[in-house]
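Letter by letter, the sequence shown follows residues 871 to 1323 in this note's numbering. Cβ atoms here follow ideal geometry from the backbone N, Cα and C, with glycine treated the same way. Bear in mind the structure is a predicted one, so any value in this text is a computation, not a measurement.
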Amino acid sequence: MKQNITIFFIFIALCSNAQKEYNNWLFGEYCYLSFNIGSPVFMPGCAISSLTQEGCSSISDSAGTLLFYADGEHVFNRIHHAMPNGVGLNSSASATQAALIVKKPLSTTEYYVFTTERGLDSSNGLWYSVVDITLDGGLGDVTVKNFLLDTAMSEKQSAIRHSNGQDYWLIAHKKLENKFLSFRVTPSGVVLTPVVSTTGVTPNGNMGCGTMKSNVAGNKLSVVYYDDCVQTYSFDNSTGIVSFDPANDILYYSSWLYSSAFSPSGQYLYVSYYHPGILYQFDMTQNTLPPVVVGQTPMYMCDLALAPDNKIYVVELWSTYLGAINYPDAQGPMCGYDTNAVSLDSNYISVGLPNFPNDLNFLTSTKEVEKDNLHVSPNPVTNTLRINFPEAEGEVLLTVTDIYGKLNEQVKFKRLNYQLDWSQKSEGLYFLKLQSGNKIRVIKVLKQNSYHE
């Protein structure tokens, strides 16, 4: 219960203070998408070239104004020039998750840029640099560069909010050992002694490639070991400990897996098979194998990333379009994979999408929802939640899950207007999935006892 309350207040803070910090996506080759109006819009100017094959990261202010971005080797300012001291970061253009930008807790001016090296590099270091956004006339510059955290690391890194709602955990993986290192990022700096968790498969060779992604709640990790398997883990965001539970986690063996992404509710995990491109869907509540194939392409299928619009975007290498899973909380083919969802203005896409802290999963604010002729109000809700779904095709199946992906309520109704009594529900964030015929909608609703309707 304490953890539920903590996550609830983290959600409130993020909705009010960080709604648009991850709304600008800059990635190779020269691709720049803005989510500031909801749907992604292509923008000109991105400086990430074809030399950046994989990892990158970007950060904006709370209003959605781009601040800077990085590709692992360079840090670019908002006008797309390399910062004066922003060249020569220790990383590689072909490391899976080469860069990850994390705002220094409680700071309004400083950011960490964590970098990894590719598996073929000699030291395989995990490094950080620091950007002060007030320098160089407000364009920012690097004040600390290439501080070594550890060696013999893989290409994977992810960041999750600490349970206190203030700090972060930077989670990385050893290259040839089944060890996770969780570094705590605090207002005082990065704690240099990590929490070490020994669990899961032991990587070898190319298994250092592949992504590490977290779910909405920050209590699950999905780790792709490129030449071997995908494995999910439980993560304790109070202690930084990573663990594997065979009853609740997935271990699926297959070579040529590259990336993964959790659906907004956490019920489904999507995994990409590199070539020929296959998109798999796993149901985390069923823990059954093999997975369902929900998309295929003759091209190479690479990185997956959950976006502020609650869609999961998919890279098909060298395409001039970005693919999208339009309804990631829908089962099987109903998830609606579209291979040509977003035009990249004739730019060819590289392998990777931006890497963000798991704050991203909280970014779409809760408000009264009215789109696609679906109206849900009030949001936040205290007592009665009203649903109007005029495009329903007969019976509607309504499924409510909590932030951990656990089933909270399931009802069927045939009326276009329906009311739910939420007066006895615990405070927190819930996901509503409405399914009627071929129509599926997934929205977020916040239960808040102190809100006055």
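Worksheet item: Between M1054 and V1061, what straight-line distance do the alpha-carbon atoms span, to the nearest angstrom?
Response: Against the sequence shown, residue 1054 aligns to sequence position 184. Against the sequence shown, residue 1061 aligns to sequence position 191. Strictly speaking, residue 1054 in this sequence is Arg, with Met absent from that position. Rounded to the nearest whole angstrom, the C-alpha separation of R1054 and V1061 is 5 Å.
Discussion item. If you reduce the DSSP assignment to three classes, tell me which class C858 lands in.
Written reply: Residue coverage of the chain in this structure runs from 871 to 1323, which leaves residue 858 outside it and unanswerable.
Worksheet item: Between the C-alpha atoms of D1173 and R1031, what's the straight-line distance to the nearest angstrom?
Response: Locating residue 1173 in the sequence shown gives position 303, counting from the first residue. Locating residue 1031 in the sequence shown gives position 161, counting from the first residue. Cα to Cα, D1173 sits roughly 22 Å from R1031.
Discussion item. Report the CB separation of V1112 from S1130 in whole angstroms; it is logged as a contact under 8 Å.
Written reply: For the purposes of this step, residue 1112 is taken as residue 242 along the sequence shown, with counting starting at 1. For the purposes of this step, residue 1130 is taken as residue 260 along the sequence shown, with counting starting at 1. Between V1112 and S1130, the beta carbon gap of about 16 Å keeps them out of contact (Cβ cut-off 8 Å).
Item to complete: Just confirm the distance between the C-beta atoms of K1045 and A1029, as a whole number of angstroms; I'd bet it's less than 8 Å.
Response: Along the sequence shown, read from residue 1 onward, the residue named residue 1045 stands at position 175. Along the sequence shown, read from residue 1 onward, the residue named residue 1029 stands at position 159. Rounded, the Cβ-Cβ distance is 19 Å, inconsistent with contact.
Fill in: Buried or exposed (CB count within 10 angstroms, at least 16 for buried), W1188
The count along the sequence shown starts at 1 and reaches residue 1188 at position 318. That one is exposed.
Fill in: Where T1229 falls: helix, strand or coil (DSSP)
Within the sequence shown, residue 1229 is the residue found at index 359, counting from 1. Note that residue 1229 is Asp in the sequence shown, not Thr. D1229: helix per DSSP, three-state reduction.
Worksheet entry | Residue span of the beta strand (DSSP E) that contains L1304, given as start and end | By one-based count along the sequence shown, residue 1304 stands at place 434. From DSSP, the beta strand (DSSP E) with L1304 extends over G1298 to S1306.
Item to complete: Specify the secondary structure class of E1287 as computed by DSSP and reduced to three states.
Response: As a working mapping, residue 1287 is identified with position 417 in the sequence shown. Per the sequence shown, residue 1287 should be read as Asn rather than Glu. Note: N1287 maps to strand in three-state DSSP.
Worksheet item: In whole angstroms, what is the alpha-carbon distance linking F905 and C1205?
Response: In the sequence shown, residue 905 corresponds to position 35, counting from 1. In the sequence shown, residue 1205 corresponds to position 335, counting from 1. Put simply, the backbone Cα of F905 is about 21 Å away from that of C1205.
Worksheet item: DSSP puts G1276 in a beta bridge; with which residues?
Response: Locating residue 1276 in the sequence shown gives position 406, counting from the first residue. Reading off the sequence shown, one finds Lys at residue 1276, where the question assumed Gly. According to DSSP, residue pairing for K1276 in a beta bridge does not occur.
Worksheet item: Is there a Cβ from chain B that is less than 9 Å from the Cβ of Q1280?
Response: The structure shown contains no chain B; it is built from a single protein chain.
Worksheet item: For M1204, does the three-state DSSP call read helix, strand or coil?
Response: Indexing the sequence shown from 1 puts residue 1204 at position 334. Helix at M1204.
Fill in: Minimum length 3: unbroken beta strand (DSSP E) runs contained in the region 994-1073
As far as the region 994-1073 is concerned, its whole beta strand (DSSP E) runs of at least 3 residues are 996-1002, 1011-1020, 1023-1031, 1038-1044, 1049-1056 and 1065-1068.
Practice prompt. With DSSP collapsed to three states, give me the class of M1082.
Written response: Working through the sequence shown from its first residue, we reach residue 1082 at position 212. Per DSSP, reduced to three states, the secondary structure at M1082 is strand.
Worksheet item: What number of angstroms, rounded off, separates the C-alpha of L1304 from the C-alpha of L1267?
Response: The count along the sequence shown starts at 1 and reaches residue 1304 at position 434. The count along the sequence shown starts at 1 and reaches residue 1267 at position 397. The straight-line gap from Cα to Cα measures roughly 6 Å.
Worksheet entry | Extent of the continuous beta strand (DSSP E) run through I971 | Taking the sequence shown and counting its residues from 1, one reaches residue 971 at position 101. Run containing I971: A969 to K973, per the beta strand (DSSP E) assignment.
Worksheet item: Do you know offhand how far S1084's Cα is from I1219's?
Response: If you number the sequence shown from 1, residue 1084 lands on position 214. If you number the sequence shown from 1, residue 1219 lands on position 349. Approximately 24 Å between the Cα atoms of the pair.
Item to complete: Please state if the CB of Y1300 and the CB of V1324 are separated by a distance shorter than 9 Å.
Response: In the structure displayed, the chain extends from 871 to 1323; residue 1324 sits before or after that span and is not available.
Discussion item. Within a Cβ cutoff of 8 Å, which residues of the same chain sit near C926, ignoring the five residues on either side of it in sequence?
Written reply: Walking along the sequence shown from the start, residue 926 turns up at place 56. Only L896, F897, G898, I918, Y939, A940, D941, G942, A968, A969, G1222, L1223, P1224 and N1225 meet the Cβ criterion.
Practice prompt. Buried or exposed for T1102, please, with buried defined as at least 16 other CB atoms from any protein chain shown within 10 angstroms of its CB.
Written response: The count along the sequence shown starts at 1 and reaches residue 1102 at position 232. Here T1102 is buried: its Cβ has 16 or more other Cβ atoms, across all protein chains shown, within 10 Å.
Item to complete: Measure the C-alpha to C-alpha separation of V1000 and K1317 and round it to an integer number of angstroms.
Response: Within the sequence shown, residue 1000 is the residue found at index 130, counting from 1. Within the sequence shown, residue 1317 is the residue found at index 447, counting from 1. Going by the C-alpha atoms only, they are around 38 Å apart.
Worksheet item: In terms of alpha-carbon separation, which member of V1246, M1077, S1293 and H1245 lies closest to T966?
Response: Taking the first residue of the sequence shown as position 1, residue 966 is located at position 96. Answer by Cα proximity: M1077.
Discussion item. Looking at the strands, I want to know which residues DSSP matches up with G1165.
Written reply: Looking up residue 1165 in the sequence shown gives position 295. Residue pairing by DSSP puts G1165 in a beta bridge opposite L1149.
Discussion item. Bridge partners for A917 per DSSP, in chain order?
Written reply: Numbered from its first residue, the sequence shown carries residue 917 at position 47. Checking the DSSP bridge columns, you'll see A917 has no partner listed.
Worksheet item: Name the DSSP beta bridge partners of W1292, please?
Response: For the purposes of this step, residue 1292 is taken as residue 422 along the sequence shown, with counting starting at 1. Per the DSSP secondary-structure output, W1292 pairs with nothing in a beta bridge.
Fill in: Limits of the beta strand (DSSP E) - the one that Y1171 falls within
If you number the sequence shown from 1, residue 1171 lands on position 301. Looking at the sequence provided, one finds Met at residue 1171 rather than Tyr. It spans M1171 to L1176 - the beta strand (DSSP E) in which M1171 sits, taken as one unbroken run.
Worksheet entry | Alpha-carbon spacing of D1011 relative to K1295, whole angstroms | By 1-based counting over the sequence shown, the position of residue 1011 is 141. By 1-based counting over the sequence shown, the position of residue 1295 is 425. Near 48 Å, if we compare the C-alpha coordinates of K1295 and D1011.
Practice prompt. Indicate whether E1263 and S1306 have their beta-carbon atoms separated by less than 9 Å.
Written response: Position 393 of the sequence shown, counting from 1, holds the residue named residue 1263. Position 436 of the sequence shown, counting from 1, holds the residue named residue 1306. Going by C-beta atoms, E1263 is nearer than 9 Å to S1306.
Worksheet item: Taking C-alpha atoms, which residue in N1258, D1272, G995 and K1026 lies nearest to S961?
Response: For this step, residue 961 is matched to residue 91 along the sequence shown. Its Cα nearest to that of S961, the residue G995 stands out among N1258, D1272, G995 and K1026.
Discussion item. Give me, in chain order, the residues of the same chain whose beta-carbon lies closer than 7 Å to that of N1319; leave out the 5 immediate sequence neighbours on both sides.
Written reply: For the purposes of this step, residue 1319 is identified with residue 449 of the sequence shown, where counting begins at 1. Once the five neighbours on either side are set aside, the close Cβ partners of N1319 are T1252 and E1297.
Practice prompt. Would you kindly check if the distance between the Cβ of W1039 and the Cβ of L1018 is under 9 Å?
Written response: Mapped onto the sequence shown, residue 1018 falls at position 148. Mapped onto the sequence shown, residue 1039 falls at position 169. By the CB criterion at 9 Å, L1018 and W1039 fall outside the cutoff.
Worksheet entry | Local Cβ density within 10 Å of L1233, reported as buried at 16 or more and exposed below that | Position 363 of the sequence shown, counting from 1, holds the residue named residue 1233. With a pLDDT of 42 at L1233, under the threshold of 50, the modelled position of this residue cannot be trusted, and the question is left open.
Discussion item. Assuming contact is defined by CB atoms lying nearer than 9 Å, are T843 and T1167 in contact in what I supplied?
Written reply: The first residue shown for the chain is 871 and the last is 1323, placing residue 843 beyond what the model contains.
Item to complete: Can you tell me which of V1071, T1271 and R1285 puts its alpha carbon nearest to the alpha carbon of E1261?
Response: Against the sequence shown, residue 1261 aligns to sequence position 391. Of the candidates V1071, T1271 and R1285, the one whose C-alpha sits nearest the C-alpha of E1261 is R1285.
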